[in-house]
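Worksheet: one structure, shown below.
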Amino acid sequence: MAVESFSSIRGFADAQRRSSRRSHALFEALQKEIVLGSLQPEQSLTEMDLAQRFDCSQGTVREALMRLNEEGLVNRLPNRGTHVAPCHADDARALLNIRREVECTYLDRVVARANAQLDRDLHEMLNGMRNAARDRDEYMLSVWDRSFHTRLFLAAELPVVTPILTRCLIHNHRFKILNSTPNRELEATAERHVPILDALAARDTEALHDILGHHIATIVDFGPDLTNGDTAG
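Residue 151 in full-length UniProt numbering sits at position 151 of the sequence shown; the count goes up by one each step and never skips.
Pasting the structure below:
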């Protein structure tokens, strides 16, 4: 009985891991479609349709939609179903202000803890952005861009705050992609991160603050300043 019980537990755990992997893959696929606008704001989503489309169970779809709901990318309401979240300028402006406050306020902690590993990680992410830009892969450019800013902030060692930043980042990038000029220069988007690296390499907190603040404020087509702030140009 003990062997059978152990086998049953192990089999259940394996099934859970497989389900978790499927759910995560679906979450990433739907996140990409929402960020790129393939799934449009306010569009209705049904578990049955998604299960058929992605050839998976409705339980897997439900798990993925719950994660998207936690990120604010979909709205799941009782008796009203699931809809892709709206993407309004007022929300974008509020999130940009929160993001700038989070990223720029604690740069003294980032600079104090900066080391060669941080520099290498950020350069690797910049190279990821450059490769994605050359491939005209706007979504992967967004993924590397968000990773860059998250990695920079992680150096501040404020783990409870990090999820706030990551949520701001995904919505900032969604708004940018849905509202920027078509066929813009993706390589220029990647290169905007070079001054951030230069200021960090110099361990210049003041310069890093000004550069990063301007970088965040002018996220959509490098202007206008969506935060209505007074960051230096």
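Beta carbons are placed, not taken as given, at the ideal position from N, Cα and C, and that holds for glycine.
If you're wondering where the values come from, they're calculated on a predicted model, not measured in any experiment.
For residue 76, no alpha helix (DSSP H) segment is defined; the enclosing uninterrupted segment is the beta strand (DSSP E) at 74 to 77. Sorting 140, 134, 125 by C-alpha distance to the C-alpha of residue 31 places 140 at the top. Checking the DSSP bridge columns, you'll see residue 142 has no partner listed. Each of 64, 154, 47, 165 was checked against the Cα of residue 96, and the nearest Cα belongs to 165. Along the length of the segment 143 to 226, whole alpha helix (DSSP H) runs at least 4 residues long occupy 162 to 179, 186 to 191, 194 to 201, 205 to 217, reported in chain order. Between residue 23 and residue 83, the C-beta spacing is not below 8 angstroms. Taking 8 angstroms as the cut-off, the beta carbon of residue 146 is found closer than this to the beta carbon of residue 170. Under the DSSP assignment, residue 82 falls in the beta strand (DSSP E) whose first and last residues are 81 to 84.
Remark: C-beta atoms of residue 46 and residue 81 approach each other more closely than 8 angstroms. For residue 45, the secondary structure class from DSSP, reduced to helix, strand or coil, is strand. Around the CB of residue 172, 16 or more other CB atoms lie within 10 Å, so the residue is classed as buried.
Residue state for residue 38 is assigned as coil, using DSSP reduced to three classes. Boundaries for residue 136: no alpha helix (DSSP H) harbours it, and the DSSP string shows neither H nor E there.
The C-beta distance from residue 111 to residue 203 rounds to 5 angstroms, short enough to meet the 8 angstroms contact threshold. Here residue 57 carries a coil assignment [DSSP, helix/strand/coil]. For residue 97, the enclosing alpha helix (DSSP H) begins and ends at 89 to 105.
By the Cβ neighbour-count rule, residue 188 is exposed, with fewer than 16 other Cβ atoms within 10 Å of its own.
Contact check for residue 152 and residue 122: beta-carbon distance about 6 angstroms, within the 8 angstroms limit, so the pair qualifies. Ranking 113, 175, 49, 205 by CA distance to the CA of residue 41 puts 175 first.
Straight through space, the alpha carbons of residue 94 and residue 168 are spaced by roughly 9 angstroms.
If you draw a 10 Å sphere on the C-beta of residue 53, you find fewer than 16 other C-beta atoms in it, and that means exposed. The C-beta separation of residue 212 from residue 87 comes to about 24 angstroms, leaving the pair out of contact by the 8 angstroms criterion. Comparing alpha-carbon positions, the option among 99, 25, 62 lying closest to residue 162 turns out to be 99. The DSSP-derived three-state label of residue 116 is helix.
124 is the residue among 134, 124, 59 whose C-alpha sits nearest the C-alpha of residue 149.
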